[in-house]
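Please read the structure below before turning to the comments.
In my numbering, the protein residues as written are 1 to 157.
Okay, here's the thing in structure tokens:
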């Protein structure tokens, strides 16, 4: 399954688009599949592949579309806690967490998704700059053989 994150951004309410404009999010593989790894391997991988910070809204370099760029690897909003979000000396930490969960949940909207039906000799190619992929385990007892290739991309802006 794939979710169209350009459409997800487009359909956000205007006040949410204003709220997330200029926000930066931290992404870590430790929040996903790496959590199941032994600690030594996880730490070694984190040293080799440190957490990354990307804009919450990126611009697709070829289409110019704005894209909602958060996913299961996004851990927190780096620059959410500004004067605007602090009251009486207390952080609105939950506000940032709630906003991030709301943004991540946009990928769950069926209207933004497509589901691929695998057939013999199928080939699927997608653009990770504007989609999210979820590998549905819907083929057992059959086996699926897969070759994966990735192209080094641009830095999100």
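Backbone N, C-alpha and C fix where the C-beta goes; we use that ideal spot for every residue, glycine too.
Distance between beta carbons of residue j and residue i, contact taken as under 8 Å
i	j	result
residue 55	residue 69	6 Å
residue 78	residue 21	About 14 Å; that fails the 8 Å criterion.
residue 26	residue 60	That belief does not hold up - the Cβ atoms of residue 26 and residue 60 are roughly 21 Å apart, past 8 Å.
Residue i, enclosing beta strand (DSSP E) - first and last residue
i	result
residue 58	57-59
residue 67	66-68
residue 24	24-27
With 16 other Cβ atoms within 10 Å as the buried cut-off, status of residue i
i	result
residue 71	buried
residue 84	exposed
residue 43	exposed
residue 101	exposed
residue 112	buried
residue 149	exposed
Candidates the options, of which the one nearest residue i by Cα
i	options	result
residue 49	30, 36, 63	30
residue 18	80, 4, 63	80
residue 131	65, 40, 45, 28	65
C-beta neighbour in chain C for residue i, strict 8 Å
i	result
residue 102	In the structure shown, chain C cannot be found, because there is only a single protein chain.
Residue i, enclosing alpha helix (DSSP H) - first and last residue
i	result
residue 7	5-10
Tell me, please, whether the region 5-18 touches the region 36-53 by the rule of three or more beta-carbon pairs shorter than 8 Å.
-> Segment contact: the region 5-18 against the region 36-53, fewer than three CB-CB distances shorter than 8 Å; contact not assigned.
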